[in-house]
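Peer 1:
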Amino acid sequence: MANAENTGGGTPLRIHHLRPAPGANKAKIRKGRGEASKGKTSGRGTKGTKSRTTVPYGFEGGQVPLQRRLPKRKGFSNALFKTTYQVVNLDRLGELFPEGGDVTVETLVERGAVRKNQLVKILGTGEITVALNLSAHAFSASAKEKIAAAGGSVTEL
2 MANAENTGGG TPLRIHHLRP APGANKAKIR KGRGEASKGK TSGRGTKGTK SRTTVPYGFE
62 GGQVPLQRRL PKRKGFSNAL FKTTYQVVNL DRLGELFPEG GDVTVETLVE RGAVRKNQLV
122 KILGTGEITV ALNLSAHAFS ASAKEKIAAA GGSVTEL
């Protein structure tokens, strides 16, 4: 037999010969069986809700639970598909580009007006006096009017 050499005793290894390593099997703790170890209060301490059998799911110790603090139905929120823009106002553009010229998202990132890899929207707050050739992802209507009035142009990406 192939297993006879492995056992060293000349008899094949059988399943009933297998035993766990010494100390591998520990006796099951019998909670709540008298006043010896883990008896009486069974390691739960004395009194209070947590020492009882069950604590209601979501129970916060008498504080109004989270599921009751949150609004129940207050309108529809399409946050998963919401488009968020980083906004730049016209007065900020006037500060960053006093000489005018071409303004792209990359130049705005270089000058620290917006973070990279984000959508950019130009808003019409403030006044602009220099002609800017702007290219961004979105523009407000008032921003388009003011840029055109100053002699600039708008390109949506």
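With the first letter of the sequence shown counted as 1, position 36 gets the number 37 in the numbering used here; the numbers rise by one all the way through. Yeah, the Cβ is synthetic: ideal placement off N, Cα and C, and Gly gets one too.
#1: Are the CB atoms of K117 and A139 nearer to each other than 8 Å?
#2: Could you name each continuous alpha helix (DSSP H) segment of 4 residues or more that falls completely within the region 64 to 105, going from the start of the chain to the end?
#3: Got a sec? Which residues, its chain only, sit under 7 Å from N4 by beta carbon, not counting five neighbours each side?
#4: Given this structure, state the Cα-to-Cα distance separating L158 from T55, to the nearest angstrom.
#5: When DSSP builds the beta bridges, which residues end up paired with K122?
#6: Bridge partners of S154, per DSSP?
#7: Among A114, S43, K27, which one has its Cα closest to the Cα of R34?
Peer 2: Reading off the structure:
#1: No. Outside cutoff.
#2: 67 to 70, 91 to 97
#3: Interpretation of N4 is limited by its pLDDT of 49, a score under 50 that renders its predicted location unreliable; no figure is taken from the coordinates.
#4: The alpha-carbon separation between L158 and T55 amounts to approximately 59 Å.
#5: V88, A139
#6: Under DSSP, the beta-bridge partners assigned to S154 are N134.
#7: S43
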